[in-house]
Structures are given as C-alpha cells and as structure tokens.
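See structure below.
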Amino acid sequence: MEHDIVVHVWSDIACPWCWIGKHRLEKGIEESGQKVAVEYHAYQLQPDAAAAVPFATSLSMKDFSADEVTEVLTSTTELAADEGLAINWKNVTEVNTFLAHQLVYAAKARGETLEEAALLGARAVERLYFAHFTECRNLTDTDTLIEIAAELGLDPDDVSDELESGEHSDSVRADIASARSLGIEGVPFYVVGGKFGISGAQPADVYADAIKRAVAEMQVSHAQEVPLEQG
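Note that UniProt numbering gives residue 198 to position 198 of the sequence shown, counting from 1, and the numbers run on in steps of one.
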C-alpha cells in the first residue's frame, strides 16, 4: 500500500501512555481516511531501571505520595481499558527496554519496503506492550524476547544472533539521539508528515486533524512545484 504520509513516533515499551497513544493514533488514522505509514522510534524513559522493582514502588522512590501513586495507576488502568487494553499493575516492574527496542528493529529489518517495515515494527511494538503490561513478562531476558520473536513469526535463531551481536543497537541509539536533537523530553511524541509535532497520548481526532492538515499542505506544495505547460 502506497502511503500519503508518514507519522514518526518516539515511544518506550515501558510507557503505558505510549500504548494508549498507539491505539488512539490508529483510530485517528482511520478517521482521517488517509493512507499512513507509522514508523516507530526507540526512546528510553528509564535507561537505568532497576531490575524487578515494581512500578508502583519505583514511583514511590521518585517521591510520589501514596495518593499520587494510586492516581497514576488508577487513571492509566482506566484510560487503557477505554482502548480495550489491560494493564496488570500488580505484576508490572521497571525494565530497561534497550534490548526490547532491538527486537522491534529486527522485525522492521524483514520488511522490503517502508510500508512493510512499518507494519512489522508496529506489530512487534504492540506485542511487546502486551507482553510487558498484560502478561508481565521480563523484557530484559533474551530468551523471553526470542520467544516473542517466534510468536511474531520471526526465525528465533536469526533473532537470537542479532540480539546477541547487538546488530540493531546502533539503530536504537540513533533514535534516542534524534529524539534529543529534536528536543523530545517525554513520550509518546509524534511528528506528522514532517509538519506537526504532537506530545502525549491525545484524543484520536487530534491525530486525524494533524494528518489531514499535513496531507493538504503537502498536496498544495506539490501542486506549486508542477511546472506549467507551455502552449
């Protein structure tokens, strides 16, 4: 499928708002009526995350009060449920997502076109969100990621080699560096058609409007570039 526009998304697998935002974006794309390729880029909210620390405990360690922790967990659970997503906060822990982001790139590498790579990447991102927030699997464990790769239809031996060698690590680092250069300090963050930046998990219509505006501006720009035929 040829796309009308590309939406670049910086997100972290350990970010519940990124998962919620992903589903709202998909609704916005459908609402826009445009053909959109969505390219996911890596970002790490907690690159130094301590292993096996429950998410609620990690918030307390960041000076969140007990009431604030409850509010965060309750609100994200409800917002996720509105999108048909289940978050099992009782068993969700902090996680360093650097290796998980490499699995996304391993999936994208199987695509022969931008559209194929984008679809494979989005599928991997979705599976990893579900594994982290609903199944509460350990995404720092290579064997777990290889199992998820197999569930995605990827060759587990090939993916094992790629994760072991760090074949996609530079791609992840490049994403994080590009986020820094763009001034991105939190995720999710969206760049729509190279025209508009959107921060946070917004309602679907916000994405739809930005997509339609970006496509319209692109069409005007292309029309202005077409030389008039000489009669």
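Just so you know, even glycine gets a beta-carbon here, dropped at the ideal spot from N, CA and C. Given the structure is predicted, the values throughout are model-derived calculations rather than measurements.
Close-in-space but distant-in-sequence residues of the same chain around residue i (CB under 6 Å, 5 per side omitted)
{"i": "A49", "result": "E94, V95 and N96"}
{"i": "H101", "result": "A42 and V172"}
{"i": "A118", "result": "A37, V38 and E39"}
{"i": "R180", "result": "none"}
{"i": "N138", "result": "T144"}
{"i": "K212", "result": "S32"}
{"i": "D175", "result": "H41 and A42"}
{"i": "F64", "result": "none"}
Selection from the options that minimises the alpha carbon distance to residue i
{"i": "V104", "options": "N138, A210 and E126", "result": "E126"}
{"i": "W17", "options": "D82, V6 and I5", "result": "D82"}
{"i": "residue 241", "options": "K195, M218 and F189", "result": "Nothing about residue 241 can be read from this structure; the chain reaches only from 1 to 231."}
{"i": "G186", "options": "V6, S11, V7 and I5", "result": "S11"}
{"i": "G193", "options": "S169, L79, G183 and E39", "result": "E39"}
{"i": "T76", "options": "V7, G21 and G28", "result": "G21"}
{"i": "K90", "options": "V69, A106, A107 and H101", "result": "V69"}
{"i": "P156", "options": "L114, I184, A106 and E116", "result": "A106"}
{"i": "L154", "options": "I184, G111 and G200", "result": "G111"}
Straight-line Cα distance separating residue j from residue i
{"i": "R123", "j": "A216", "result": "28 Å"}
{"i": "E2", "j": "A37", "result": "9 Å"}
{"i": "A42", "j": "A66", "result": "31 Å"}
{"i": "E167", "j": "L128", "result": "19 Å"}
{"i": "V9", "j": "V191", "result": "7 Å"}
{"i": "A109", "j": "V72", "result": "36 Å"}
{"i": "L59", "j": "Q46", "result": "12 Å"}
{"i": "Q34", "j": "Y207", "result": "11 Å"}
{"i": "T140", "j": "A14", "result": "11 Å"}
{"i": "A177", "j": "Q219", "result": "31 Å"}
{"i": "N88", "j": "T57", "result": "14 Å"}
{"i": "T74", "j": "G121", "result": "29 Å"}
{"i": "I198", "j": "G28", "result": "13 Å"}
{"i": "W19", "j": "F55", "result": "16 Å"}
{"i": "A201", "j": "D158", "result": "34 Å"}
{"i": "G183", "j": "A150", "result": "36 Å"}
Simplified DSSP assignment, three categories, for residue i
{"i": "F55", "result": "helix"}
{"i": "T77", "result": "helix"}
{"i": "S65", "result": "coil"}
{"i": "I184", "result": "coil"}
{"i": "H8", "result": "strand"}
{"i": "residue 233", "result": "Here the chain comprises residues numbered 1 to 231, so residue 233 is not present and cannot be evaluated."}
{"i": "H41", "result": "strand"}
Other residues of its chain near residue i: CB distance less than 8 Å, five sequence neighbours each side excluded
{"i": "T142", "result": "L99, S160, L163 and E164"}
{"i": "A86", "result": "A80, F133 and T134"}
{"i": "L228", "result": "Any reading at L228 is ruled out, since the residue's pLDDT is 49, under 50, leaving its predicted position unreliable."}
{"i": "K62", "result": "none"}
{"i": "I146", "result": "P156, V159, S160 and L163"}
Residues near residue i by beta carbon distance below 7 Å, same chain, minus five either side
{"i": "A214", "result": "I5, V192, G193, K195 and F196"}
{"i": "A52", "result": "T93"}
{"i": "L114", "result": "A37"}
{"i": "A131", "result": "R137, L139 and I148"}
{"i": "A204", "result": "R24, K27, G28 and E31"}
{"i": "L152", "result": "A107, R123, A124 and R127"}
Neighbour flag for residue i against chain C, beta carbons, 9 Å
{"i": "E112", "result": "Looking for chain C here will not work: only one protein chain is present."}
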